[in-house]
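Take any residue in the sequence shown, note its place counting from 1, add 288, and you have its number in the numbering used here. Taking it in order: structure first as structure tokens, then the write-up.
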Amino acid sequence: MLELKTPQEIAAMRTTGAFIAELLDDLQARAAVGVNLLDLEYRARALIEDRGAVSCYWDYAPSFGRGPFRNVICLSVNDAVLHGLPHDYTLRDGDLLSMDIAVSIDGWVADSARSLIVGTPRPQDQRLIEATERALEAAIAAALPGGRLGDISAAIGAVADEYGYPVNTDFGGHGLGRTMHEDPHVSNRGRAGRGLVLRPGLTLALEPWFAQGTSKIVYDPDGWTLRSADGSRTAHSEHTIAVTEGAPQVLTRSLTGAGLP
Numbered sequence: 289m290l291e292l293k294t295p296q297e298i299a300a301m302r303t304t305g306a307f308i309a310e311l312l313d314d315l316q317a318r319a320a321v322g323v324n325l326l327d328l329e330y331r332a333r334a335l336i337e338d339r340g341a342v343s344c345y346w347d348y349a350p351s352f353g354r355g356p357f358r359n360v361i362c363l364s365v366n367d368a369v370l371h372g373l374p375h376d377y378t379l380r381d382g383d384l385l386s387m388d389i390a391v392s393i394d395g396w397v398a399d400s401a402r403s404l405i406v407g408t409p410r411p412q413d414q415r416l417i418e419a420t421e422r423a424l425e426a427a428i429a430a431a432l433p434g435g436r437l438g439d440i441s442a443a444i445g446a447v448a449d450e451y452g453y454p455v456n457t458d459f460g461g462h463g464l465g466r467t468m469h470e471d472p473h474v475s476n477r478g479r480a481g482r483g484l485v486l487r488p489g490l491t492l493a494l495e496p497w498f499a500q501g502t503s504k505i506v507y508d509p510d511g512w513t514l515r516s517a518d519g520s521r522t523a524h525s526e527h528t529i530a531v532t533e534g535a536p537q538v539l540t541r542s543l544t545g546a547g548l549p
């Protein structure tokens, strides 16, 4: 069911989104050569607990995956792009790390992801991350009242085409609000002028993700982690946004810039 949010409900989601932004800022500052992924997982757990938030990932059990997810953040390295299961892995110089997290505060959810390079960057990895960030900004700009859901999908696909990256349509963005996944699905490729009419109060998680060499994905034996089928590197950017009477609002940007203790 599609639920349009009131301005007050969107404001509550913004509170959650601001916390997520600051949490990701904190983890990004800690993601250095020699840091274990589990250290980042435990830091995220502590911040969530201190805030009185609730992880949307803990005990998440969709049709895919092997058993319930028993972590609070997805950490995906290099050719892994989605649902990366935090595990005993020490970050190395040049690793491309994608972090994806969703939490609920006072019953309202926000979801965000970002990719970063640990240590020495490779130009091709910087370009890949730039493409997902540009695609995300294009998607946000297309989220205008009276437009169509296909406008958002087409904007993402156009940026992928500009950079020469293939697009997977198995996993994309989604509605959210009271729960982590609500209608509608937001494909990362589509046709402008088609699909659901965008109305004020619609809240969406927009999340372009690309692999350098393929649109095909494979699962790790853990049943969760998704990787590029050819082993090429991947990147993922995501914001929670709200369609309004005017310009779209990005709900997962820091309100203060002050950071977390």
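Beta carbons are placed, not taken as given, at the ideal position from N, Cα and C, and that holds for glycine.
If the five residues before and after G519 are omitted, its C-beta is found closer than 6 Å to the C-beta atoms of D367, all from its own chain and listed in chain order.
Within its own chain, the residues whose Cβ lies closer than 6 Å to the Cβ of T304, once the five positions on either side in sequence are excluded, are I393, W396 and A398, listed in chain order. Residue burial annotation: E337 is exposed, with fewer than 16 other C-beta atoms found within 10 angstroms of its C-beta. In this structure, the CA atom of V485 is about 32 Å from the CA atom of Q500. Taking a C-beta distance under 7 Å as the contact criterion, L373 and L325 do not qualify as a contact pair.
D381 has its alpha-carbon roughly 29 Å from the corresponding atom of E450. CA-CA distance, R477 to A430, rounds to 13 Å. For D471, the enclosing beta strand (DSSP E) has its first and last residue at E470 to V474. Annotation: the segment 460-506 contains the following complete segments of the beta strand (DSSP E) (minimum length 3 residues), in chain order: 461-463, 470-474, 491-494 and 497-499. When Cβ pairs closer than 8 Å are counted between the two stretches, the segment 351-365 is seen to touch the segment 506-515, the count reaching three or more. Separation of the CB atoms of I428 and V531 is rounded to 10 Å, and the pair is thereby denied contact status at 8 Å.
Between E526 and E495, the gap from beta carbon to beta carbon is short of 7 Å. Judged by DSSP secondary structure, L373 falls outside any beta strand (DSSP E); it is assigned neither H nor E. It is roughly 7 Å from the alpha-carbon of I444 to the alpha-carbon of A426. Under DSSP, V531 takes part in no beta bridge, so it has no partner.
For M301, there is no enclosing beta strand (DSSP E); the enclosing alpha helix (DSSP H) has its first and last residue at P295 to R318.
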